[in-house]
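Student: Chains L and R, in that order, give the protein sequences. With my numbering, the residue at position 146 of the first sequence is 146, and numbering never jumps. Here my numbering runs 189 ahead of the position in the second sequence, where the first position is 1. I am attaching a structure below and will ask some questions about it afterwards.
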Amino acid sequence: MSDSTALDDPALLALARGGDAEAFGMIFQRHAPAVRRFAGGVLRDGPAADEATQETFVRAHAKLSALRDGARLRGWLLGIARIVMLDARSQERREVPSAEPLGADASADEEASPERLFLSAEADAVLAAELAKLSRERRAAVILRVDQHLSYGEIAEAMGWPLQKVKNEIHRARLEIRAALLAYLKGNP
Amino acid sequence: MTEHPHDELERAARGETDLSAAQRIHIDGCERCRRELGWLRAETRLTARALDATDGPAAPLWPAVQAKLRAARRRRWAMRAAAGIGAAAAAAVAIVLVAPELRGREAEETELPPSSALALERADQDYRAAISVLEARVQDRGGKGPHAQARAGLSRARSAAREPAARVKLLEGYAAYMKSLRRSLDVGDEQ
């Protein structure tokens, strides 16, 4: 069955649930890069992210029968990864209440041109630092939205949060990140 | 269309261009949306670059996953029997656990513990779903012949399988049928 790449997720899931080891290998090949990228972004620790990725697929293999809708496979795996990382809890950061930066600095928003951010390595460092300051859970939600492109509903499932909490957390994280980027732009005209 | 459509702006920031004409007209004519789109593009690109820095290859992790699965399977066999999770484990456990219960008994109705009965039912469902996928692929390649006979035999056996012993035999039949389907797909690949 060498061209399993032609099979969609529901078909691969059905085969894997039937004990097909090659199908589970194809699920790994297809989705492990996204899981590893997610784990790397949340944990910011390469070996820990590798371990979390491995554990995610070990747990997923044990729970294959629990997922009946193969179309949800990617979101389901990312949800397991999030739980794996919660369980690991190596360098949990306490949540810091968000400030209200944009309301206080609206005039800067009118002048700043975010397009300049694309060209600056320093802007990369500013954003990376802001991501690192977020709590692990909030950072996970932002990554699932901005990088993994999950819908708010899928993120709610993966995080085990109500939908409104997902929107609030991502909105607050965006406010913090933009405030830092605005401050950078103002200081570097 | 929602005024200031944020979801559509996020999609546009990612380079997904399937916006409607009305959405495009609004975004082009709305200063607020254009500025928001600029921020979303910056956020998307900078976040991607930040995650590139912490990313790593996933493929080299597969051997370790396989080793952990083998170890977990050895440790959790008894737990899977109780929970009835997973067709392959459930089927293997059903065969191992149920068959000894029936040894020396008459081939008549025998009551199974609920966990074993659930394991049999789950295994039956999962095997049939996996077989459907494989049969569709064989059919796509114009496969025919012996598979039709095997399928007919399994259907008859399923209708007749009332006793646990017969249902366990049926699972063995499913496993053998899956093996032959996979073999014919592999032969097709080589040709």
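The beta carbon of each residue, even a glycine, is placed where N, CA and C say it ideally should be. Everything numeric in this text was worked out from a predicted model, so none of it was measured.
1. Which value, in whole angstroms, describes the spacing of the CA atoms of residue 21 of chain L and residue 154 of chain L?
2. Going by the beta-carbon positions, is the gap between residue 343 of chain R and residue 312 of chain R smaller than 8 Å?
3. Interface residues of chain R around residue 117 of chain L at Cβ under 7 Å?
4. Within 10 angstroms of its Cβ, does residue 114 of chain L collect 16 or more other Cβ (buried), or is it exposed?
5. Quick check: is the beta carbon of residue 156 of chain L nearer than 8 Å to any beta carbon in chain R?
6. Helix, strand or coil: how does DSSP classify residue 188 of chain L here?
7. When the Cα atoms are used, what is the spatial distance from residue 211 of chain R to residue 226 of chain R?
8. Under 8 Å, Cβ to Cβ, is there at least one residue of chain L near residue 313 of chain R?
9. Between the C-alpha atoms of residue 41 of chain L and residue 264 of chain R, what's the straight-line distance to the nearest angstrom?
10. Quick one: what's got a C-beta closer than 7 Å to residue 223 of chain R's C-beta in the same chain, skipping five residues either side?
11. Going straight from the alpha carbon of residue 204 of chain R to that of residue 48 of chain L, what length do you get?
12. Determine the direct distance from the alpha carbon of residue 250 of chain R to that of residue 33 of chain L, and round the result to whole angstroms.
13. Against chain L, does residue 318 of chain R count as a neighbour if the rule is that its beta carbon must be under 8 Å from one of theirs?
14. How many angstroms separate the CA atom of residue 133 of chain L from the CA atom of residue 363 of chain R?
15. Using beta-carbon positions only, say whether residue 71 of chain L and residue 9 of chain L come within less than 8 Å of one another.
16. Please report the straight-line C-alpha distance between residue 210 of chain L and residue 181 of chain L, rounded to a whole angstrom.
17. Listed from N- to C-terminal order along the chain, which residues in the segment 149 to 179 of chain L have their beta-carbon within a distance smaller than 8 Å of any beta-carbon of chain R?
Tutor: On the basis of the supplied data:
1. Here the question's residue 21 of chain L lines up with position 21 in the first sequence. Here the question's residue 154 of chain L lines up with position 154 in the first sequence. One C-alpha to the other measures close to 27 Å.
2. Sequence index remark: in the second sequence, residue 343 of chain R carries index 154 (1-based). Sequence index remark: in the second sequence, residue 312 of chain R carries index 123 (1-based). Going by C-beta atoms, residue 343 of chain R is not nearer than 8 Å to residue 312 of chain R.
3. Locating residue 117 of chain L in the first sequence gives position 117, where the first residue counts as 1. Going along chain R in sequence order, the residues near residue 117 of chain L (Cβ under 7 Å) are 231 and 235.
4. On the first sequence, residue 114 of chain L is found 114 positions in, with the first residue counted as 1. With 16 or more Cβ atoms within 10 Å of its Cβ, residue 114 of chain L is classed as buried.
5. Position 156 of the first sequence, counting from 1, holds the residue named residue 156 of chain L. Chain R contact via Cβ: absent.
6. On the first sequence, residue 188 of chain L is found 188 positions in, with the first residue counted as 1. Residue 188 of chain L: coil per DSSP, three-state reduction.
7. As a first step, residue 211 of chain R is located in the second sequence; it is residue number 22 there, counting from the start. As a first step, residue 226 of chain R is located in the second sequence; it is residue number 37 there, counting from the start. Straight-line Cα distance between these residues: approximately 16 Å.
8. Your numbering for residue 313 of chain R matches position 124 in the second sequence. Not one chain L Cβ lies under 8 Å of residue 313 of chain R.
9. Position 41 of the first sequence, counted from the first residue, corresponds to residue 41 of chain L. Position 75 of the second sequence, counted from the first residue, corresponds to residue 264 of chain R. Spanning the two alpha carbons is a distance of roughly 32 Å.
10. Here residue 223 of chain R corresponds to residue number 34 of the second sequence, with the count starting at 1. If we look at residue 223 of chain R and ignore the five residues flanking it on each side, its Cβ neighbours are 216.
11. Translated into the one-based positions of the second sequence, residue 204 of chain R becomes position 15. Translated into the one-based positions of the first sequence, residue 48 of chain L becomes position 48. When rounded, the distance between both Cα atoms is 32 Å.
12. Here the question's residue 33 of chain L lines up with position 33 in the first sequence. Here the question's residue 250 of chain R lines up with position 61 in the second sequence. The alpha-carbon atoms of residue 33 of chain L and residue 250 of chain R are separated by roughly 10 Å.
13. Here residue 318 of chain R is taken as the residue at index 129 of the second sequence, counted from 1. For residue 318 of chain R, the answer is yes, since a Cβ of chain L falls inside 8 Å of its Cβ.
14. Stepping through the first sequence from its first residue, residue 133 of chain L is reached at position 133. Stepping through the second sequence from its first residue, residue 363 of chain R is reached at position 174. Cα-Cα distance, rounded: 53 Å.
15. Numbered from 1 along the first sequence, position 71 holds the residue referred to as residue 71 of chain L. Numbered from 1 along the first sequence, position 9 holds the residue referred to as residue 9 of chain L. Yes, these two residues count as a Cβ contact at 8 Å.
16. No information on residue 210 of chain L is available, as it lies outside the stretch 1 to 189 that chain L covers here.
17. 149, 174, 177 and 178
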